[in-house]
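Remarks on the structure that follows.
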Amino acid sequence: MKPLKRTTITRSRFIIFIRSWRGNTAGLLLVFLVLLFFSCKDDAAIVGFPKDARLKSYFVDIPLNPSVIKFGAILTRNGPNDKLARIMVGKYNDPNLGNIEVKGFANIAPPSVTITPTSTSVPDSLVLSLNLDFYYYGNPDSTQQHLEVYKVLDTIQPSSGYYSTTAITYGLKPIGEAHFSVKPSDWADALVLNADTDTANNVHQIVRVKLSPAFASELLSDMISNPSLFQDINPFIGKYKGLAFVMKNGDKIVGINPVFTGTSPTSRNSRMRLYYSDAGVQSQADFPIYYTNNYSIGITFPGVSFSTITSDLSATPLSGIADFTDFKPSDNHMYVQSGTGIVTKLDLTRFYQFADTMDNVMFNSAEVVLNNVGNSVVPGTVQLRVLDSTNHFRSPFVDTLVSGVITTTLDPYMGKIPTALQPAPTSSNAVDVRADQGSIIAVSTDKIIGKVFITEFIQQVYKYKRDKRRVKALAIMPAESEFQKSVSSFTLDPNIVLRIYYTRPIIKIR
7 MKPLKRTTIT RSRFIIFIRS WRGNTAGLLL VFLVLLFFSC KDDAAIVGFP KDARLKSYFV
67 DIPLNPSVIK FGAILTRNGP NDKLARIMVG KYNDPNLGNI EVKGFANIAP PSVTITPTST
127 SVPDSLVLSL NLDFYYYGNP DSTQQHLEVY KVLDTIQPSS GYYSTTAITY GLKPIGEAHF
187 SVKPSDWADA LVLNADTDTA NNVHQIVRVK LSPAFASELL SDMISNPSLF QDINPFIGKY
247 KGLAFVMKNG DKIVGINPVF TGTSPTSRNS RMRLYYSDAG VQSQADFPIY YTNNYSIGIT
307 FPGVSFSTIT SDLSATPLSG IADFTDFKPS DNHMYVQSGT GIVTKLDLTR FYQFADTMDN
367 VMFNSAEVVL NNVGNSVVPG TVQLRVLDST NHFRSPFVDT LVSGVITTTL DPYMGKIPTA
427 LQPAPTSSNA VDVRADQGSI IAVSTDKIIG KVFITEFIQQ VYKYKRDKRR VKALAIMPAE
487 SEFQKSVSSF TLDPNIVLRI YYTRPIIKIR
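Note that the numbering used here numbers the sequence shown so that position 243 is 249, with each residue one more than the last.
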């Protein structure tokens, strides 16, 4: 087992917190020493410790014994209030994580306003528009992708959750196809332009797929002869079950923004549009693939969309990994990938062993030191999430018996350290670490992850280090929206450490 690395520092470290009083006398003495330290007039005190300091500062690198774990199914359904709405589609042979294929699915919502074609109306065309959101994962070169669209054969229910592993059947023959190019350098520029406050310079790329004439005729016929079908979502999706997006040929996974802007749709919104004519006058009807309302009758239409993800790890360093089980990759690297549920676990056992040797200690800072050694498209953000003893995300709640009735209450341990932890979004029922930079940590554009500062968290768990429900392990992973709606990844050097700077008095405190 790798030994702890401990170093003495005598200057240039600022004390920001004090923990672990041992009795009133010891506590008062420690306060006195701290006040003495800060009142010192020696020039060195401005930037660090005085030369004759009665306190000495150290740092220690604590190995976190990382391993890789894999979650079984990841929620990929797009909700109306999600921070990120995205349908993914594509395929890529990742040199480290194997073959990955993503298929997108969406049910079709009726038009947001009541459309009343006449019996003399005739279909012109049916066109599916997909608004690409400039997310991609895969080959960094500019290449062509070949997309196919199929009819879904299973009803996509608005009340159901849909996951990366959900099995959905679709037709044998496509009802439309399109070719489009992905130029990663242009897409990177587009993301920058679209992120600023000047909407005039926004860039868009729309993939348009002409769907089968038979599908267009079927829709128009029902609009004429059975208009009530378009005013009730249940019978509508019972007949028009949805669309499947499959990449026939390609080397990238791309993102589609399904959002439809309701009363004021734009030409950039994803939708299926039916063009029809009557007496030489052309009209149109828009069928969203996202949540919308029928503003004519005041009914909400929940357009459900999601992505399924398959990954073949058999010929990779992760070959043999089982869900929720600690795994050491054969190449000794650690891995994280969104969508497939791969995270790196950080074990806090060695920290608690160190903490048991420390009394009357002042923690200055604590940081998880990471080194990304991969070249893949990394997620934009990372976070630390608490794991339970079974390698699942730990819930902030526990079941307790109150007057003979089982009641769900806040985990009492979580209640002790509210400034160190926070509940994750409700969809995950999990707990995230409040890092010093915030719960969500941005990853630099040059793919450097570097350090995650968790000083407050370490101070708090140290204080309650003897609590039976103490935090024992963390997962490093992308922020939840990216974890569910992307397949970005990074590869970590296995030498992940918790670096703690701390201060102790030189004299013995009784």
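Note that CB positions come from ideal geometry on N, CA and C, so glycine has one too.
- By the Cβ-count criterion, Phe330 is exposed, with fewer than 16 other Cβ atoms from all chains shown falling within 10 Å of its own Cβ.
- In the three-state reduction of the DSSP assignment, Arg274 falls in the coil class.
- For the set Asp204, Ala250, Ser191, the Cα lying nearest the Cα of Lys179 is the one of Ala250.
- Asp499 and Thr350 have their C-alpha atoms spaced approximately 11 angstroms apart.
- In the same chain as Ala361, and ignoring 5 residues on each side of it, the C-beta atoms closer than 7 angstroms to its own belong to Tyr468, Lys471, in chain order.
- Per DSSP, reduced to three states, the secondary structure at Ile68 is strand.
- Of the residues assessed, Ser492 falls on the buried side of the cut-off, its CB having 16 or more other CB atoms within 10 angstroms.
- Residue pairing of Leu226 in beta bridges, as defined by DSSP: absent, with no partner found.
- Minimum Cα-Cα distance from Asp292 among the listed residues Pro484, Ala285, Asn275 corresponds to Asn275.
- For Val408, the enclosing beta strand (DSSP E) stretches over residues 403 to 408.
- In terms of CA proximity to Asp318, Ile327 leads the group Ser311, Gln211, Ile327, Phe312.
- Within the region 335 to 418, the runs of beta strand (DSSP E) at least 3 residues long that lie entirely inside it are, in chain order, 340 to 343, 348 to 353, 368 to 375, 387 to 393, 403 to 408, 411 to 416.
- Exposure of Pro146 is indicated by the presence of fewer than 16 other C-beta atoms within 10 angstroms of its C-beta.
- Under DSSP, the beta-bridge partners assigned to Ser187 are Gln150.
- Sequence-distant partners of Ser401 (beyond 5 residues in either direction) whose C-beta falls short of 6 angstroms from its own C-beta, in its chain, are Asn435.
- In the DSSP assignment, Lys157 forms a beta bridge with Leu249.
- Under DSSP, Ala448 shares a beta bridge with Thr387.
- Looking at the DSSP output, Met94 sits in a beta bridge with Gly261.
- Under the 8 angstroms Cβ criterion, the region 219 to 232 does not count as touching the region 136 to 156, having fewer than three qualifying pairs.
- Here Ile181 is buried. Its C-beta has 16 or more other C-beta atoms within 10 Å.
- Judged by DSSP secondary structure, Ser73 falls outside any alpha helix (DSSP H) and instead within the beta strand (DSSP E) spanning 73 to 76.
- Judged by beta-carbon spacing, Ile502 lies within the 8 angstroms limit of Leu376, meaning their Cβ atoms are closer than that value.
- Annotation: the continuous alpha helix (DSSP H) that includes Gln465 extends over 461 to 469.
- Nearest Cα to Lys216 within the set Ala194, Ala184, Leu226, Asp204: Ala184.
- Within the same chain, no Cβ atom closer than 6 angstroms to the Cβ of Thr355 is found once the five residues on either side in sequence are excluded.
- Proximity to Asp365 across Thr316, Ile212, Pro511 peaks at Pro511, based on C-alpha coordinates.
- Following the DSSP letters along the chain, one finds Ser313 inside the beta strand (DSSP E) bounded by residues 311 to 318.
- Membership of Gln428 in any alpha helix (DSSP H) is not indicated; the residue belongs instead to the beta strand (DSSP E) covering 427 to 429.
- Apart from sequence neighbours up to five positions away, the residues of its chain that approach Ile464 with a beta-carbon distance below 8 angstroms are Phe357, Phe369, Ala372, Leu504, Ile506, ordered along the chain.
- Listed in chain order, the non-local C-beta contacts of Gly309 below 8 angstroms within the same chain comprise Ala112, Asn113, Ile114, Ala115, Pro264, Phe266, Pro294, Ile295, Tyr296, Tyr297, Thr298, local neighbours out to five positions each way being set aside.
- Look at the beta carbons and you see the region 416 to 430 touching the region 388 to 402: at least three pairs across the two are nearer than 8 angstroms.
- For Gln163, no beta strand (DSSP E) run applies, since DSSP gives it neither H nor E.
- With respect to the 8 angstroms criterion, Thr396 and Thr406 are not classified as neighbours on the basis of their beta carbons.
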